[in-house]
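Enquirer: Position 56, counted from 1, in the sequence shown is what our numbering calls 235; the numbers after and before it change by one each time, with no gaps.
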Amino acid sequence: MMQIPCPFCGPRNESEFFYGGPVRPSRPDPAAVNDEDWTAWLTQVPNPLGPVQEHWWHARGCGTWLTIWRDTRTHDVVEAPDDAG
Ligand SMILES: [Zn+2]
Numbered sequence: 180m181m182q183i184p185c186p187f188c189g190p191r192n193e194s195e196f197f198y199g200g201p202v203r204p205s206r207p208d209p210a211a212v213n214d215e216d217w218t219a220w221l222t223q224v225p226n227p228l229g230p231v232q233e234h235w236w237h238a239r240g241c242g243t244w245l246t247i248w249r250d251t252r253t254h255d256v257v258e259a260p261d262d263a264g
């Protein structure tokens, strides 16, 4: 099972977290982009092979939202927020 390092609780099992999706670019102004780019932003979810930045919610723990970098090939967390202490 994947271990996710929470900055407040330490390393915890993935089952304590809810996946919040990948970090996406900010929402563009629909009037400032063409239809193709707007449709792409609305419908395409980043799914790279390799490191991806994701949101996770420690729902069965401290309730903190955190952002980690996870390698989609290995499910290893390659970068996480610093420990709180
Ligand atoms: Zn936590």
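Don't be surprised by glycine CBs; every beta carbon is placed ideally from N, CA and C.
(1) For a test of your reading of the model: does the CB of Thr246 fall under 6 Å from any non-hydrogen atom of ligand 1? Yes or no.
(2) Give the straight-line distance between the Cα atoms of Ala259 and His237, rounded to the nearest whole angstrom.
(3) Under 8 Å by Cβ, that's how I've got Gly199 and Trp235 pegged, so tell me the actual separation to the nearest angstrom.
(4) I'd like to confirm something about Phe197: is its beta-carbon nearer than 6 Å to some heavy atom of ligand 1, or not?
(5) Measure the CB-CB distance between Arg239 and Glu195 and report whether it falls below 7 Å.
(6) For Trp220, tell me which candidate among Pro227, Pro207, Val202 and Asn226 has the shortest Cα-Cα distance.
(7) Where Thr222 and Pro201 are concerned, what is the direct C-alpha to C-alpha distance, given to the nearest angstrom?
Expert: In brief:
(1) Position 67 of the sequence shown, counted from the first residue, corresponds to residue 246. It does not: the Cβ of Thr246 is nowhere closer than 6 Å to a heavy atom of ligand 1.
(2) Position 80 of the sequence shown, counted from the first residue, corresponds to residue 259. Position 58 of the sequence shown, counted from the first residue, corresponds to residue 237. About 13 Å.
(3) To locate residue 199, count along the sequence shown from 1; it is residue 20. To locate residue 235, count along the sequence shown from 1; it is residue 56. Your pair Gly199 and Trp235 checks out as a contact, with CB atoms roughly 6 Å apart and the cut at 8 Å.
(4) Here residue 197 corresponds to residue number 18 of the sequence shown, with the count starting at 1. If you check the C-beta of Phe197 against ligand 1, you find no heavy atom less than 6 Å away.
(5) Counted from its first residue, the sequence shown places residue 239 at position 60. Counted from its first residue, the sequence shown places residue 195 at position 16. Yes, Cβ-Cβ distance for Arg239 and Glu195 is below 7 Å.
(6) As a working note, residue 220 is residue 41 in the sequence shown. If you compare the alpha carbons of Pro227, Pro207, Val202 and Asn226 with that of Trp220, the shortest gap goes to Pro207.
(7) For the purposes of this step, residue 222 is taken as residue 43 along the sequence shown, with counting starting at 1. For the purposes of this step, residue 201 is taken as residue 22 along the sequence shown, with counting starting at 1. One alpha carbon belongs to Thr222, the other to Pro201, and they sit about 13 Å apart.
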